[in-house]
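Residue numbers (our numbering): 259 to 942.
Below, the structure is given as structure tokens:
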């Protein structure tokens, strides 16, 4: 039996077709499915196999015929067919036949579907109840026969399916994934897991030819070992995996052992420091092979960081981080060679009467003003809870306040807002002082990233990052890359608050600036603005700080008013302390020998600074603050004092001078006949 095709396509062995003798038949794979499934002696035309691309399908059909087909053929009404009808021509489109099996072979079904566009299905009888039929042609889904043997079978458009119950015991050969050529380094542990599979067996045996003596191979397919200097050179290794019935698979790879010397790290001395004091140490390591080195901790306190590329150790223990800490610093050349050093850091309690340190909120999404969450002085912007243009009968679509603080490791942002409108999104835009950025987030103006909004910024306030918090979902963090935005939410700890209110997040300084842990650009100023935004390319209904253009319409909204954060007023490239703990205990050990007014700390400051002075003799004391025109702006002390050392906090936001503008100010101490004046800088 063969498939006739217009004089067998005429011209001979090169795949060409004689003029006027184009193939008459199309979808010839359907014909081959029929003749290779049927009883008799089928014949394959060589051009169909070699020139017309049917070799793969023909090989599969021949393999099915050799391994599964037996017995007579049952077709038509004898199968008790019930066609799953979608139109009147279903039965004429679908051919179904069954080879009846015998001598250990199962019943096998062939379906041929002539519909050009639709799958066709049919229910037929089988003697394989509760068994799964698999399409060995590889397109149709498996089908489970019912308890009475009835089974629903399907075939694809202009295609065929051959369904066989999985009652056979065919043994499949194991398979090895291609093993790429490998490189090992002297005195460094080498490990490679071979990828393999076997449909039948889990008990496989691995063997290797040509492997060096240092290389071992276990029965899980793992190659491992540590070559010595004498093992340098190349080997050709042949890996075999064999199943219990003797079928096997083989792959070959080349293994090169490269001479490599391990890096050497210098010892680090044990260190003692006070809590809230910054620790910084440059670790040193060298490699004779001039390999790039990478530093990391095997053990360290949570407050300590290491720059992976240069080995700079930095960190600031908090007031509660006291005690002994073991540090295990390691360095690697990336080739499996390591060196390490062990040292300890003792953090002692800080008993200074003025402690500069950090604080951070609890990141749970709920913005609360308390000693354990957001301090009142971390409020950056206060916004009315009734000024949203989309505020209905209840509090919704409202920004209430923006909070910000930092520690030596991270920037913390809190947005107090209410959003229960599933069509809107809270957006927090950040200008981090990085070159570049986006100034227009409208899709029609070139922005192709996520969260396209009708917002635009000045070139001085171009946006480097933004946080998007749709409806009640957790906030997402995006970094501006060219004209798009990359989702880097995995680098942020962000939470949405309860009942549609609030969001909080923490971002490490290194993820913002990539300068290393705890390092920021000197004197950097960060600007932020929060918005309740509408849909695609739409404007906002509320902003914090307020912006005139956010009036609830489609926009564009020009955002010119952003709040500022200054984490490095002293310009040393390290985040300034955000909390100052002042003790009320004066110096009782000795009396100062002279009067004196000390420089305030920090300076510059925002919003608070500490002023210290000492009195050799008690008496009436005044400490006042003046602007550069000599106008008095605050009286900090006006009372009798005994001799001793004293400190006072000058806080702009807590009542001393709430409307004070940025600029230089003078503070003056008068005590008896002693007068001294010093200058300080306030930066908003």
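Where is the CB? At the ideal position from N, CA and C, for every residue including glycine.
Exposure label - residue i; buried when at least 16 CB within 10 Å
i, result
"residue 841", "Because the pLDDT at residue 841 is just 48, under 50, the model does not fix this residue reliably, and the value given afterwards should be weighed accordingly. Classification for residue 841: exposed."
"residue 845", "Because the pLDDT of residue 845 is 37, which lies under 50, any placement of that residue in the model is unreliable, and the question is left without a value."
"residue 424", "exposed"
"residue 385", "exposed"
"residue 948", "Residue 948 lies beyond the stretch modelled for the chain, which goes from 259 to 942, so this question has no answer here."
"residue 430", "exposed"
"residue 720", "buried"
"residue 922", "exposed"
"residue 501", "buried"
"residue 471", "exposed"
"residue 271", "Below a pLDDT of 50, predicted positions are generally treated as unreliable, and residue 271, at 49, falls in that range; the measurement from the model is reported next regardless. Exposed, because fewer than 16 other Cβ atoms sit within 10 Å of the Cβ of residue 271."
"residue 650", "exposed"
"residue 312", "buried"
"residue 345", "At residue 345, the pLDDT of 48 sits below 50, so the modelled position is not reliable and the matter cannot be decided from this model."
"residue 681", "exposed"
"residue 767", "buried"
"residue 693", "exposed"
Rounded C-alpha distance that separates residue i from residue j
i, j, result
"residue 288", "residue 372", "9 Å"
"residue 296", "residue 399", "23 Å"
"residue 507", "residue 469", "17 Å"
"residue 744", "residue 530", "42 Å"
"residue 547", "residue 554", "20 Å"
"residue 365", "residue 498", "36 Å"
"residue 599", "residue 524", "7 Å"
"residue 929", "residue 606", "36 Å"
"residue 746", "residue 585", "30 Å"
"residue 432", "residue 453", "11 Å"
"residue 912", "residue 717", "34 Å"
"residue 418", "residue 374", "12 Å"
"residue 473", "residue 588", "26 Å"
"residue 522", "residue 485", "20 Å"
"residue 338", "residue 412", "16 Å"
"residue 407", "residue 391", "11 Å"
"residue 933", "residue 894", "15 Å"
"residue 321", "residue 477", "32 Å"
"residue 727", "residue 737", "15 Å"
"residue 347", "residue 380", "Any answer about residue 347 is weak, because its pLDDT of 48 lies below 50 and its placement is not dependable; what the coordinates show is given next. Each residue's alpha carbon lies about 13 Å from the other."
Whether residue i touches residue j by CB criterion (8 Å)
i, j, result
"residue 891", "residue 918", "yes"
"residue 641", "residue 659", "yes"
"residue 733", "residue 778", "no"
"residue 667", "residue 563", "yes"
"residue 866", "residue 856", "no"
"residue 625", "residue 788", "no"
"residue 863", "residue 924", "no"
"residue 708", "residue 677", "no"
"residue 749", "residue 735", "yes"
"residue 327", "residue 363", "yes"
"residue 397", "residue 291", "no"
"residue 318", "residue 355", "no"
"residue 404", "residue 415", "no"
"residue 881", "residue 906", "yes"
"residue 831", "residue 780", "yes"
CB-CB length for residue i against residue j, believed under 8 Å
i, j, result
"residue 595", "residue 443", "7 Å"
"residue 803", "residue 819", "5 Å"
"residue 537", "residue 479", "That pair is no contact at about 46 Å."
"residue 712", "residue 705", "Contact doesn't hold; Cβ gap of about 10 Å is too wide."
"residue 687", "residue 770", "About 14 Å separates the two Cβ atoms, so there is no contact after all."
"residue 357", "residue 329", "6 Å"
"residue 512", "residue 532", "Actually they do not touch by this definition, with Cβ atoms about 58 Å apart."
"residue 813", "residue 797", "3 Å"
Beta-bridge partners of residue i, as assigned by DSSP
i, result
"residue 734", "726"
"residue 412", "379"
"residue 817", "715"
"residue 871", "855 and 904"
"residue 660", "639 and 673"
"residue 928", "880 and 933"
"residue 586", "557 and 600"
"residue 496", "467 and 510"
"residue 423", "391"
"residue 891", "Looking at the DSSP assignment, residue 891 forms no beta bridge with any residue, so it has no partner."
"residue 442", "515"
"residue 573", "537 and 562"
"residue 654", "DSSP lists no partner for residue 654."
"residue 386", "In DSSP, residue 386 forms no bridge with anything."
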